[in-house]
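Colleague: Protein chains in written order, with my numbering: chain S, 1 to 437; chain B, 1 to 264.
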Ligand code: SF4
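1. Rounded to a whole number of angstroms, what is the C-alpha to C-alpha distance between residue 207(B) and residue 95(B)?
2. Using the DSSP secondary-structure output, state which residues sit across from residue 153(B) in a beta bridge.
3. Looking at residue 172(S) and residue 150(S), is the spacing between their C-beta atoms short of 7 Å?
4. For residue 422(S), which residues in chain B fall below 9 Å Cβ to Cβ?
5. Please confirm whether residue 426(S) has its beta-carbon closer than 7 Å to some beta-carbon of chain B.
6. If we define contact as Cβ-Cβ less than 7 Å, is residue 418(S) a contact residue for chain B?
7. Using a C-beta cutoff of 7 Å, does residue 429(S) count as contacting chain B?
8. Taking Cβ positions only, does residue 300(S) come closer than 7 Å to chain B?
9. Look up residue 257(B) in the DSSP assignment and say whether it is helix, strand or coil.
10. Within the same chain, show all residues whose beta-carbon is closer than 7 Å to that of residue 57(S), passing over the 5 residues directly before and after it, in chain order.
11. Along chain B, which residues have their Cβ under 7 Å away from the Cβ of residue 397(S)?
12. Under 7 Å between C-beta atoms, does residue 9(S) make it to chain B?
13. Does the ligand SF4 have even one heavy atom less than 6 Å from the beta-carbon of residue 176(B)?
14. If contacts are defined as beta-carbon pairs under 8 Å, then residue 110(B) and residue 214(B) qualify, I think. What distance do you get, rounded to the angstrom?
15. Please identify the residue among 330(S), 405(S), 411(S) whose C-alpha is closest to the C-alpha of residue 295(S).
16. So, does the CB of residue 402(S) fall closer than 7 Å to a CB anywhere in chain B?
17. If you measure beta-carbon to beta-carbon, which residues of the stretch 181-215 of chain B are closer than 8 Å to chain S?
18. Under 7 Å between beta-carbons, which chain S residues line up against residue 65(B)? List them in chain order, please.
19. So with CB distances below 8 Å, who are the chain B contacts of residue 292(S)?
20. Is any non-hydrogen atom of the ligand SF4 found closer than 6 Å to the C-beta of residue 95(S), if you look at the structure I gave you?
21. Near residue 75(B), what residues of its chain come up, given a Cβ to Cβ distance below 7 Å and the 5 sequence neighbours on each side ignored?
22. May I have a chain-ordered list of the alpha helix (DSSP H) segments no shorter than 4 residues that lie completely inside the stretch 241-296 of chain S?
23. Using the beta carbon as the reference atom, which residues fall closer than 5 Å to any heavy atom of the ligand SF4, ordered along the chain?
24. DSSP three-state label for residue 49(S), please.
25. For the stretch 53-70 of chain S, which residues have a beta carbon sitting closer than 9 Å to at least one beta carbon of chain B?
26. Residue 164(S): buried (16+ other C-beta within 10 angstroms of its C-beta) or exposed?
27. Taking a contact to mean a Cβ-Cβ separation below 7 Å, would you say residue 237(B) touches residue 80(B) in this structure?
28. Between the alpha carbons of residue 33(S) and residue 247(S), how many angstroms are there, rounded?
What follows is the structure, encoded as structure tokens:
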């Protein structure tokens, strides 16, 4: 494409009246259809269970899902649900309700803000119209680990108090080291045992060791398939537009112990392999640059992020975020050990930097985009130092932008565009320097 | 051969014509930015001064906040790369550039050839930008162009602790009402801008060859505060405000040489 054509496209993008007719949409891949069915089933099964008098729970996104799965409990995921509301641009009334009548701070995590307002409607205390008809049904109990952040702990405590329901909780502590001591494994394991016991007593379910083994096999298979799908993006050009993988995260977050996830992820792997075989890609333009993405997706502006990157031929092929759900363990001890590490927010800087450098090399990234996420302070707090050390060691350029995972008010389109363009200019120069020897 | 560079900023428009990528033929600054008549005026004026017409131009590059809304340019390049090139043209020894524009502040590390190696930009907040100084000048009832000289008279700069423009504004108002001399408040304001921007610049590493670009570089108060914070002199060229447009015209020349000739 000539420079002039690039400019024309840019100019047209700001002028909707002159915009060309939208291209016909690519048909949804089968794996996406399956994923949609799985999501519907998750909500529908929870609704039916509740109608049948069973207890339904809400869970933090990084909680050993296999426990609930073994007990046959129906669980919904507030973080995932809030992300969906934000991505569909439906967050505004919830944010207003949360910061207004409910009296929460604007500084709170926007997943929490959306969910606390949603919960307040379910609890009959607020009147916001629920865009999904209330499919996130009212919970009878909560499942929580504090390996993600402590704000989540307070958020769940508030939900528990508001709805007068129990929280089943595992304390995992922060990792100052890059290994886990046996004492710590025993500490977490003892809590898991007690949690299972209490959960059985509360829900009337019984723990079946054989079923647990089976669930663990499924979950391990799913972790393997998820990691594999992520890793296939190391091909050049990548067979997938990297942001698409974010869509599949719910298979891991909400359904990790289910065979339906195996089917979705197997199908996804097959589709990616097919692309590799055919030399095709879902990335809609020529892949000119490969970058990694640091932090949670900026859900309210995913479209704008994508359009901007696409304009410059940038494909995001590696993210620290999605991979957080490829957790490996086989039994309850392994689970205890894994959950001491199970969230990037619990990692020390050394581990965090080492992982990212490995990914930059493996995926052949030429730059990194850091999402300075106003909602998630824990994710941002080491970011500046991580940026500095990684770029000093690898020489790979980066840019960061201010955004938010769910609060649409914390983003500026023009600023994002300038930063990405700046990054492209540095990446292009580096490329030219390499090709000129 | 002539190239044309235009920097359409949020609060001003700068236009430059270069001959053969190095001889500055004409330059214009109009204090009106994107969405106004500023860009048009700047373009017309620079042609008038140079005695050239658009037909004489071999390549045009647009940069700045309003770069997406310019239909006659051959290409658009971010203000980051343009400031890098422009400052390299004006001050070839500089390896770090601090550019404070109307909307944002940036720190840029450049190579000995004036290529951008890395950059940092301020967050969404207006603190540390030209807009912050505009707001403060209004509160102090001082013309923005006088803010620098006024602050130079200060003997006891106040501490402005808030990084948020709105909070800092009320802080300044309360200092005004306690009868603190305007020059001390103005100096405090400049220190607060310098602290914020220098913090960002240091993320690119320390340097002894720092230059400032953008309109705010004309404010001596900010420049002095900046150099105190950095612990080294800060280079400022009288044409610092046009650095982005100059860089655009230099890059236009480079592109022209590469054979990406005039397309129109
Ligand atoms: S603050 Fe961050 S880690 Fe905590 S719940 Fe929100 S997004 Fe998750």
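Beta carbons are placed, not taken as given, at the ideal position from N, Cα and C, and that holds for glycine.
Modeller: Result, derived from the coordinates:
1. One-based indexing of the second chain puts residue 207(B) at position 207. One-based indexing of the second chain puts residue 95(B) at position 95. Going by the C-alpha atoms only, they are around 7 Å apart.
2. In the second chain, residue 153(B) corresponds to position 153, counting from 1. According to DSSP, residue 153(B) bridges with nothing at all.
3. Numbered from its first residue, the first chain carries residue 150(S) at position 150. Numbered from its first residue, the first chain carries residue 172(S) at position 172. No, Cβ-Cβ distance for residue 150(S) and residue 172(S) is not below 7 Å.
4. The residue labelled residue 422(S) in the question sits at position 422 within the first chain. The contacting residues are 78, 79, 80, 81, 106, 108, 116, 119, 121.
5. The residue labelled residue 426(S) in the question sits at position 426 within the first chain. At least one chain B Cβ lies under 7 Å of residue 426(S).
6. Your numbering for residue 418(S) matches position 418 in the first chain. It does; some Cβ of chain B falls within 7 Å.
7. If you number the first chain from 1, residue 429(S) lands on position 429. For residue 429(S), the answer is yes, since a Cβ of chain B falls inside 7 Å of its Cβ.
8. Here the question's residue 300(S) lines up with position 300 in the first chain. With 7 Å as the cut-off, residue 300(S) does not count as an interface residue toward chain B.
9. Along the second chain, read from residue 1 onward, the residue named residue 257(B) stands at position 257. Residue state, collapsed to three classes: helix.
10. Counting from one through the first chain, the residue named residue 57(S) turns up at place 57. Answer for residue 57(S): 68, 73, 75, 139, 140, 141, 142, 143, listed in chain order.
11. In the first chain, residue 397(S) corresponds to position 397, counting from 1. The contacting residues are 118.
12. Here residue 9(S) refers to the residue found at position 9 when the first chain is read from its first residue. Annotation note: pLDDT 32 at residue 9(S) (below 50); position unreliable, no value reported.
13. On the second chain, residue 176(B) is found 176 positions in, with the first residue counted as 1. No.
14. Reading the second chain from its first residue, position 110 is the one you call residue 110(B). Reading the second chain from its first residue, position 214 is the one you call residue 214(B). Not a contact, Cβ separation roughly 15 Å.
15. On the first chain, residue 295(S) is found 295 positions in, with the first residue counted as 1. The candidate whose alpha carbon is nearest that of residue 295(S) is 405(S).
16. By 1-based counting over the first chain, the position of residue 402(S) is 402. At least one chain B Cβ lies under 7 Å of residue 402(S).
17. 203
18. Within the second chain, the letter at position 65 stands for residue 65(B). Those within 7 Å of residue 65(B) in chain S are 414.
19. Stepping through the first chain from its first residue, residue 292(S) is reached at position 292. Simply none; closest approach about 16 Å.
20. Taking the first residue of the first chain as 1, we reach residue 95(S) at position 95. Outside the cutoff, so no.
21. To locate residue 75(B), count along the second chain from 1; it is residue 75. For residue 75(B), where only same-chain residues beyond five positions count, the Cβ hits under 7 Å are 61, 255.
22. 244-247, 249-253, 259-278
23. 109(S), 111(S), 148(S), 149(S), 151(S), 152(S), 376(S)
24. Within the first chain, the letter at position 49 stands for residue 49(S). Residue 49(S): helix per DSSP, three-state reduction.
25. none
26. Start at 1 with the first residue of the first chain, and residue 164(S) comes out as number 164. When all chains shown are included, residue 164(S) counts as exposed.
27. Along the second chain, one-based indexing puts residue 237(B) at 237. Along the second chain, one-based indexing puts residue 80(B) at 80. No.
28. Taking the first residue of the first chain as position 1, residue 33(S) is located at position 33. Taking the first residue of the first chain as position 1, residue 247(S) is located at position 247. Rounded to whole angstroms, residue 33(S) to residue 247(S) spans 11 Å at the Cα level.
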